[in-house]
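Everything below concerns the one structure shown next.
Numbering (this note's numbering), first residue to last: 41 to 261.
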């Protein structure tokens, strides 16, 4: 079970449903370029604003604005995540990072891999879709989850992959990157645990943002 707080929220430029932020918990909110529009619509004030502001269409003013030239190697999402990492955060919730351009969606999944590489935890939430990436680690999902869950090797062959509490189990298996073996497993009403001894896994399932944040990151004692 991942129990880490406070949370760093990164809001990207893609269209997104209502953003859930647990304001009762300590948090830090970063607008990545056009994500500022989404936050403005929902009356949420970011702590900092990061980007080259091509998506936003104008350069915002203020001491909390971190401007980057358009000629840069990192995406605005990656720049925002690095700002959070530099400030010591190790749990990231990313909104507005799916949909729109597929290359940006795929790039944002790579950002989750980068977060895992740094020893932190990141989640992309879009509607009821959640994606996380783990490296040489594990994650447990609540027993009341239902529907489908998919596990994909994100970088080469993953070794020692175990899936427990799901309809189809794996035990110390090898998961190749160019296979569909891990697609569309099913919850069974039990706690589901996914782990990998040596490798990087992208894990995708359905849940609400409020459920995930309140129960996975800040579980009731």
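C-beta: ideal position from N, C-alpha, C; glycine also.
- Exclusion of the five residues before and after residue 158 leaves 125 as the residues of its chain whose Cβ lies within less than 7 Å of its Cβ.
- Nearest Cα to residue 114 within the set 188, 154, 68: 154.
- Distance from the CA atom of residue 81 to the CA atom of residue 165, rounded to whole angstroms, is 18 Å.
- Contact between residue 239 and residue 180 is absent: CB atoms are separated by about 18 Å, not below the 8 Å threshold.
- In terms of Cβ geometry, residue 117 and residue 72 form a close pair [threshold 7 Å].
- If you draw a straight line from the Cα of residue 50 to the Cα of residue 123, it comes to about 10 Å.
- Contact annotation: residue 133 and residue 244 have beta-carbon atoms that are not nearer than 7 Å.
- Linking residue 99 to residue 233 through their CA atoms gives a straight-line distance of about 44 Å.
- Around the beta-carbon of residue 225, 16 or more other beta-carbon atoms lie within 10 Å, marking it buried.
- By the neighbour-count criterion, in which 16 or more other beta carbons inside 10 Å mark a residue as buried, residue 237 falls on the exposed side.
- Residue pairing by DSSP places residue 49 opposite 69, 133 in a beta bridge.
- Nearest C-alpha to residue 48 among 63, 95, 91, 217: 63.
- In the three-state reduction of the DSSP assignment, residue 107 falls in the strand class.
- Nearest Cα to residue 209 within the set 231, 195, 217: 231.
- Sequence-distant partners of residue 223 (beyond 5 residues in either direction) whose C-beta falls short of 7 Å from its own C-beta, in its chain, are 190.
- Under the three-state reduction of DSSP output, residue 123 falls in the helix class.
- One alpha carbon belongs to residue 119, the other to residue 90, and they sit about 7 Å apart.
- In the DSSP assignment, residue 63 falls outside any beta strand (DSSP E) and carries neither an H nor an E.
- Counting only residues of its own chain and dropping the five nearest sequence neighbours on each side, residue 254 has a CB closer than 7 Å to the CB of 62.
- Residue 69 sits buried, since 16 or more C-beta atoms from the chains shown fall within 10 Å of its C-beta.
- The beta carbon of residue 173 sits closer than 8 Å to the beta carbons of 149, 152, 153, 155, 156, 162, 194, 240, 241, 242, 243 from its chain, once the five residues preceding and following it are set aside; these are given in chain order.
- Contact between residue 188 and residue 251 is absent: CB atoms are separated by about 16 Å, not below the 8 Å threshold.
- Of the candidates 106, 104, 92, the residue whose Cα lies closest to the Cα of residue 112 is 92.
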